[in-house]
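In mature numbering (1 follows the signal peptide of the UniProt record, and there is no 0), the protein residues as written are -19 to -1, 1 to 962.
Here it is, written out as C-alpha cells:
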C-alpha cells in the first residue's frame, strides 16, 4: 500500500507539473478510444483484482481523467493484466495504439524484495462481439514489449522533473468487428496515464473543384485510387482522381472539374456571377465585368445585354463592347476629269466604337432640269471598287459626257445591318465634261514589202464624239524611240513607206476628237520583207498551213519509228526493282533509310506526335508514386499494362493543369523526337496520352537514374572495363543519332540514364535539333542558355552546333565518368572556362585514368572540329580497348597532359629541383599563389594540406591535385636523375 500511495502521489504531481501544451490530433486520424476523453470510470477489467488500480486525477487543464497504475515490486512472480472494453474497429484495417506512461527506475526503489522490471507487455484480441467480463489470457496475441525512454527516480520527484513517455505501435490488418487491448505487468512500477487507439484516413477534401470523400487506406497496397465528384455547378473536364496513401495523405491529383458557364471558381465551390458580371465559357477563370455599353441585372449571366441603340454583331465575342453604326463620312471632295471623277472624303467623326469600317459609293444619274435620279447603268467603272472600300478615295470612270451624277458615300461597320434606321451617308453632285476617245485596240497588217507596210484598224469602242483624225507613231525597234516618225490620217488605214528592208518596227495609234487625243494603243511590232517579193495576209495563211503540214508529217514519222523500235526489241530493259520515292507530310522519305524529321517543321504539331508516337489508353497506366518534378509537371514512376503484353515499369511525365497550347506543343515535341529513335542506347518511348488529361509522356523506367549522380553514389566501385562498357554504350547511341542526321546539343552525364544492368541510354532531347544533309552544315541557335562546360568553342562563339560539337561534349562525358561524376572545371566561372579553353587549356586526366582514354579525351577536344574523331571511330576505339584490357593498365601521367593545362608550359622533368620548379611556377599565371612559399623538399609539398593550399591562394580542388601529382612526378624524376634534388 505504501508503494501504491507513493505512485498515486507521484502521478498527481506529474499532472500538475506537466507541460500545459494543448494537444491537437491530426485531421487524418480517427480515434477509436481515448481514455482522457472519459471523465467517469473506464470500467476496464483488472486481473487479478489487486494488480492494476484505477485512480482519478486532473490534467494540466484541471480536467478530471482516469488512469491506471501498478507497483507490486515488493512481491515475486507478478502477472497483472489490464483489459480494455470492447473497441469496435469501424472501417479501420490498420490501427495505431498510443500509450503515455511513466515508469520508475528499479535502482531507485530501496529494499526491493521481488524481481523489479522496467517494461510491460501490450496484447490484443480480435472478436466479432463484446465478450463482457470473460477473460482468457491465452486468447491474446502479443503486440510488443513496451519500454520507457525516460524513467524517473526519487531525486526526479524531489526536483519536480518528470518526463512522460509516449510509445505508438501498429496493429493490423484487423478483420473482425472489434478487438480488446490488454496490458500485462510482470513486476514494474508503472503508471498508465492515457491510452489512445486510432486509425488513419485520407480526410474529405476538395481539390481542383472535385470533392473526395473520407477514405481509409487499404493495408494490402501502397496507394488507393479514389474517384472525385465535381462540386455543384461544375462539370468534369477530365475524370478527377487522387491516390490515398497508407499514411492518410492525398497524393497525385489527376484530372479536374470546370465551373459551368455563369459560375466562377471560388476555391472549393463554383459561385454564380454577380449582377454586372458574366462568364460565357466553362472553366475556372473568374467572372468578367460587363463590357462597355452592356449590362446584366441577374446572377449567373453568360453574356451581357447591349444598351439601347448599341448592338453586337454575330461574329463579335461576348467580351467585346457593344457598338453602333458610324456617322456619315465628312468633307467629300470631287475632281472631274472629262468623263471621270475622283471622289475623296474624311473618316466619320464617330466610328461607332469599331475598327471594321468600310465605305460604299452609290452612283445615281440625274435627268437635266429634274430632281429625279436613277441608278447608274452601262459600263460605269469604280476603281478599285464600289463597295468594301478600306480607303477614303475612289475613281469613277466611263461616265457619260455632259451628264449630271449624284454620288452617295456611306460608312459601314459590323452592326450597320442591325440598325438600318441609324445609317447615314454624305453625297455630292457633279456634271461631266466632253470625253476624249478611248484606245485603239485592234490593228491588222494588210501587206508588207522591202520598204513599206500597209496597216488598218478598227475605230475605238468609245469614240466620245466625232473622230477628227488618227495619229500614227512608228520607229525602228533597235532605236528604242530615240528617233520616231508621226503620220496623221483621216481614215482607219495607212501605208508606211521609206522603211528599211528586213527591219522590225514598233507602232502606236491614237484618235483625236474635239476633246483632244485619246490614249495611245499598245505597241504593235511589224517587220519588213528581206526580198523583193511581198506577201499578202491571204498568202501568208497558205504558207503557214503548208509549214504546219510538214511539221505534222515529220512528227508522225518519229512516233512510228519509236513504236516499231519498241516492238522489235530495241527498247531499254525495264527496272522493276527500282524504288520509288515517297512524300508524306511534306518530308521526303527514302525506302530503307531512316532520316530524322524535325517536328517543328509541321504546321500542326499534333500531327508529328501522332505520326511518331503511339497513343496509349490512360486506363493502361497505373501511377505508383511521384519521384520528381520536371519543367512542365510531375515525374512519376508507375506500370504500363497493354493488352496481351506483360506489365512493365515505366517513367511518366505529366503536363501540369492550366497549360497553354504553346506549353503543350513544347511538352509533346520531345515525344515526337524520341518516337523516331529505335536503339538500345537511346531512351525508349512507350507512348503518349494526348486524348485525355493529364497529357503524359511514357518512357521506359531506368532504375539507377542519371549517370552523374549514380557515379557519385558509387565512387570508385567499378572496374575500368565496366566504365569503358558504359562509355561504349553512350558512343553507340550517339553514332546512331549522328547517322540519322541529328545533333543533341546537350550531351552530358546528367542527361544519360542508367538501368539496373548498367546500360547507359541517351535522353533529354529538349535542346536537340536536326542537321542538314551537308556534313559541314550546322544549326544556328536563336539565343538562350547553352551548357558552357560541355559545349565546343565554336558552338559557344558562333552558336553553331554539329555532330563534331557533340563529340567535344562526349569528351567531357568521358572525363565525368572517369572522375566518378566530378564537376568539369570545378569551381571555375563560365567566363573563366571560356577564356581558358580558348587559350588551349584542357582538363587534366582524372585520378588513375588510363592513358588511351585520356588521349581519346584530348582528341575529342581538338580546337579544329575537322580533326575530332567521328562517333563511329570512337566506338571502334572503345571496342579495341575492351578486347585488349591490358592497354588500360597504363595510366596517364602529368607528362601526358597538355602543355598549358596546369600553370606551366614546360615539362616538369626539365627541372632539377623543387626550388627551380617553384621559381618557374612563380612566373606563371598562378604565381601569386606561391608568393612567400619557401618549400624546397619533395617530401614537404606532397604532404601539403588543402588548408595550406588555400593560404597561398590555390582554392580549387583540381589545381591542388595537379600540383601534388606534379611534385610527385618531379620527385620520381629526381630520384632517377644524377642531379641531386
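Glycine included, each C-beta is placed from N, C-alpha and C at the ideal position. Note that the structure is predicted; figures quoted are calculated from it, not measured.
Between residue i and residue j, is the Cβ-Cβ spacing less than 9 Å?
i	j	result
residue 164	residue 62	yes
residue 17	residue 36	no
residue 231	residue 183	yes
residue 605	residue 204	yes
residue 254	residue 280	yes
residue 80	residue 161	no
residue 274	residue 302	yes
residue 731	residue 786	no
residue 707	residue 788	no
residue 590	residue 656	yes
residue 48	residue 173	yes
Please report how far the alpha carbon of residue i lies from the alpha carbon of residue j, in whole angstroms.
i	j	result
residue 579	residue 723	9 Å
residue 713	residue 853	8 Å
residue 290	residue 404	12 Å
residue 78	residue 151	6 Å
residue 631	residue 175	47 Å
residue 376	residue 583	45 Å
residue 104	residue 678	50 Å
residue 486	residue 439	20 Å
residue 249	residue 229	21 Å
residue 26	residue 114	7 Å
residue 380	residue 414	10 Å
residue 319	residue 258	60 Å
residue 412	residue 315	11 Å
residue 214	residue 252	8 Å
residue 401	residue 387	21 Å
residue 325	residue 356	21 Å
residue 470	residue 449	9 Å
residue 826	residue 734	24 Å
residue 702	residue 636	40 Å
residue 1030	residue 660	Since the displayed the chain opens at -19 and closes at 962, residue 1030 lies outside it and no answer follows.
residue 455	residue 491	12 Å
residue 261	residue 189	20 Å
residue 299	residue 70	57 Å
With DSSP run on the structure shown, which of helix, strand or coil describes residue i?
i	result
residue 609	strand
residue 87	helix
residue 695	coil
residue 710	helix
residue 50	strand
residue 301	coil
residue 809	coil
residue 774	helix
residue 891	Legend: pLDDT at residue 891 = 43, less than 50; position of this residue unreliable, value from coordinates given subsequently. Correct three-state label for residue 891: helix.
residue -7	Low confidence applies to residue -7: its pLDDT is 44, below 50, so where it sits in the model is not reliable, and the reading given next is rough at best. Correct three-state label for residue -7: helix.
residue 338	coil
residue 464	coil
residue 224	strand
residue 286	strand
residue 662	coil
residue 31	coil
residue 232	strand
residue 193	strand
Is any non-hydrogen atom of the ligand MG found closer than 8 Å to the C-beta of residue i, if you look at the structure I gave you?
i	result
residue 845	Questions concerning the ligand MG fall outside what the structure shown contains, since it holds no ligand whatsoever.
So that I know if they touch, is there some Cβ in chain B lying closer than 9 Å to that of residue i?
i	result
residue 472	Going by chain labels, chain B is absent from the structure shown, which holds only one protein chain.
query: Looking at C-beta atoms only, is the number of pairs between the stretch 667 to 676 and the stretch 226 to 238 that lie closer than 8 Å three or more?
result: yes
**Report entry** the stretch 476 to 495 in contact with the stretch 431 to 439 per 3-pair CB rule at 8 Å
**Finding:** yes
Report yes or no: do three or more beta-carbon pairs, one from the stretch 502 to 510 and one from the stretch 410 to 419, lie closer than 8 Å? no
* Do the stretch 692 to 706 and the stretch 643 to 650 make contact, defined as three or more Cβ pairs closer than 8 Å? -> no
(request) Could you say if the stretch 266 to 280 and the stretch 355 to 372 meet the contact criterion of at least three C-beta pairs nearer than 8 Å? (result) no
Checklist entry - At a cut of 8 Å, does the stretch 814 to 833 reach the stretch 864 to 872 through at least three beta carbon pairs? => result yes
>> So within the stretch 414 to 440, which uninterrupted beta strand (DSSP E) runs reach at least 3 residues, ignoring any that extend past its ends?
In response: 424 to 429 and 434 to 438
Touch check for the stretch 845 to 861 and the stretch 816 to 832: three-plus C-beta pairs under 8 Å? no
Which residue spans inside the stretch 602 to 647 form an unbroken beta strand (DSSP E) run of at least 3?
602 to 610, 615 to 621 and 629 to 635
| said: Going residue by residue through the stretch 96 to 140, where are the continuous beta strand (DSSP E) segments of at least 3 residues, counting only ones entirely within it? | reply: 100 to 108 and 122 to 128
Where in the stretch 793 to 840 do unbroken runs of the beta strand (DSSP E), each at least 3 residues long, occur, reported from the N-terminal end onward?
none
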